[in-house]
Every structure is written in structure tokens, then in C-alpha cells.
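Read through the structure below, which is laid out as C-alpha cells, and then see the notes.
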Amino acid sequence: MNLKIRRTDLTSKDDAETLIELLYAFSLEMADEDHPAAMPEETLVENIQKTGNSHVYFLEIDENIIGIAVCFAGFSTFKNRALLNIHDFFIRQEFRKKGYGTRFLQLIEKEAKGDGFCRITLEVYASNTKALNVYSSCGFTGHTGDRMMYFMSREL
Numbered sequence: 424m425n426l427k428i429r430r431t432d433l434t435s436k437d438d439a440e441t442l443i444e445l446l447y448a449f450s451l452e453m454a455d456e457d458h459p460a461a462m463p464e465e466t467l468v469e470n471i472q473k474t475g476n477s478h479v480y481f482l483e484i485d486e487n488i489i490g491i492a493v494c495f496a497g498f499s500t501f502k503n504r505a506l507l508n509i510h511d512f513f514i515r516q517e518f519r520k521k522g523y524g525t526r527f528l529q530l531i532e533k534e535a536k537g538d539g540f541c542r543i544t545l546e547v548y549a550s551n552t553k554a555l556n557v558y559s560s561c562g563f564t565g566h567t568g569d570r571m572m573y574f575m576s577r578e579l
């Protein structure tokens with residue numbers, strides 16, 4: 424089994440289609456009565472590219488894409504260095520509970536360190552205890568902002 428992280432090429436039709444497919448699957452799982460599932464808009468990939476600060480990663484096992492992390496660079500004025508925010512993090516259902524989420528976060532951390540980021544940040548629904556456990560086990564700490572969301576970070 425060959426597990427690896429790969430930065431997406433959003434100019435590639437295959438990568439763009441996979442990004443949309445994975446984000447839709449993520450949307451289906453996160454949907455509730457206040458936030459219905461929705462197919463990402465056709466302009467999403469183009470708009471992500473326009474930000475100029477995106478870092479979108481796929482997690483692959485033997486050439487099969489099993490996860491995605493959509494990240495954006497930010498900046499820490501206190502550290503005077505760039506930081507990386509994980510905006511979306513998703514592992515396909517059939518690959519969960521096998522340590523892949525933890526390994527994916529470790530690989531993202533390695534990439535972030537190599538790119539000179541000082542910290543990784545993320546937000547997670549307080550009700551998403553499985554994700555909270557994975558993030559905590561990887562060294563992320565944080566607090567609830569409004570009882571619905573945890574704001575977490577990991578210094579690099």
C-alpha cells in the first residue's frame with residue numbers, strides 16, 4: 424500500500440472534477456436542516472485558483488484518491504509569518520477509522536513546515552466529535568467560539 428499526499432493541479436480537468444466530487448460528498452455528510460447539501464458551483468475551481476493562496480491536497484492510496492484538504496494561506500502578525508488554514512478536510516467514508524485522517528494531517532504538517540508556515544489553523548463543528556478527536560490526537564488545541572464551533576491550531 425502506497426500512501427501519499429499530492430498537491431492538486433486545478434488546471435487539470437481530472438483534479439478539478441475530483442475536487443468537486445469530494446466536496447459534494449463532504450457536503451452530503453455535513454448536511455442538516457440548517458445547512459442542506461449542495462453541489463459546488465461550477466465556478467468554484469476557478470475562484471479557488473483566483474485567490475492565489477490556495478493549497479489543495481489529495482490523499483492517495485495506490486493511485487486512488489481517498490481524501491481532500493482545501494487549505495488557504497493566511498498570515499500571523501504575531502509570528503510575522505504565513506499560516507495555513509484547513510478549510511475543508513474529508514476522508515471517504517470507506518477509508519475512515521484506519522488512521523488515514525491522522526496520517527493526512529501529519530503529511531499536511533510536513534508540507535506546511537517545508538513551505539515555511541508557522542501554524543496550521545482550522546474550525547470544526549463542536550458536534551463533530553470524531554473529527555475533534557482526530558485533530559486533538561494530532562496536537563491541535565483550541566476553544567469553542569460560540570458553542571457550535573471549535574477554533575483549533577497547531578504551532579509548527
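Sequential numbering from 424 applies to the sequence shown in my numbering. The beta carbon of each residue, even a glycine, is placed where N, CA and C say it ideally should be.
Proximal residues to Phe-540 (C-beta, below 8 angstroms), its chain only, five neighbours per side dropped: Closer than 8 angstroms at the Cβ level, and outside the excluded window around Phe-540, lie Ala-496, Arg-504, Ala-505, Leu-506, Leu-507, Leu-579.
Per-residue burial, Thr-552 [other beta carbons within 10 Å of its own, 16 or more giving buried]: Classification of Thr-552: exposed, given that the 10 Å Cβ count is below 16.
Excluding the 5 residues preceding and the 5 following Leu-446 in the sequence, name in chain order all residues of the same chain whose CB lies nearer than 6 angstroms to its CB. Setting aside the 5 residues that flank it on each side, Leu-446 is surrounded in the same chain by Pro-463, each with a C-beta closer than 6 angstroms to its C-beta; the list follows chain order.
Using three-state DSSP, classify Glu-465 as helix, strand or coil. In this structure, DSSP gives Glu-465 a state outside helix and strand, which the three-state scheme calls coil.
Taking contact to mean at least 3 C-beta pairs separated by less than 8 angstroms, is the stretch 424-437 in contact with the stretch 477-484? With the cut-off at 8 angstroms, the stretch 424-437 and the stretch 477-484 touch.
Round the Cβ separation of Ile-491 and Phe-518 to the nearest angstrom and send it over; I've been treating them as touching at under 8 angstroms. For Ile-491 against Phe-518, the beta-carbon gap comes to about 12 angstroms, at or over 8 angstroms, which does not count as contact.
Please classify Phe-527: is it buried, with 16 or more other beta-carbons within 10 angstroms of its beta-carbon, or exposed? With a 10 Å radius around the Cβ and a threshold of 16 neighbouring Cβ atoms, Phe-527 comes out buried.
Counting C-beta neighbours from all protein chains within 10 Å, is the total for His-458 16 or more, i.e. buried, or is it exposed? Exposed, because fewer than 16 other Cβ atoms sit within 10 Å of the Cβ of His-458.
For Met-575, does the count of other Cβ atoms within 10 angstroms reach 16, so buried, or fall short, so exposed? With a 10 Å radius around the Cβ and a threshold of 16 neighbouring Cβ atoms, Met-575 comes out buried.
Residue burial classification, Phe-563 (beta-carbon count within 10 angstroms, cutoff 16): So Phe-563 counts as buried.
Output needed for Thr-567: all residues of its chain with C-beta closer than 6 angstroms, excluding positions within five of it in sequence on either side, in chain order. Excluding positions up to five away in sequence, the list reads Ala-549, Tyr-573.
Within a Cβ cutoff of 8 angstroms, which residues of the same chain sit near Ile-570, ignoring the five residues on either side of it in sequence? According to the sequence shown, residue 570 is Arg rather than Ile. Answer for Arg-570: Ala-549, listed in chain order.
Kindly indicate the opening and closing residues of the alpha helix (DSSP H) around Thr-525. Unbroken alpha helix (DSSP H) run through Thr-525: 523-537.
For the candidate residues Thr-466, Gly-524, Leu-433, whose alpha-carbon lies nearest to that of Ser-559? Looking from the CA of Ser-559, the closest CA among Thr-466, Gly-524, Leu-433 belongs to Gly-524.
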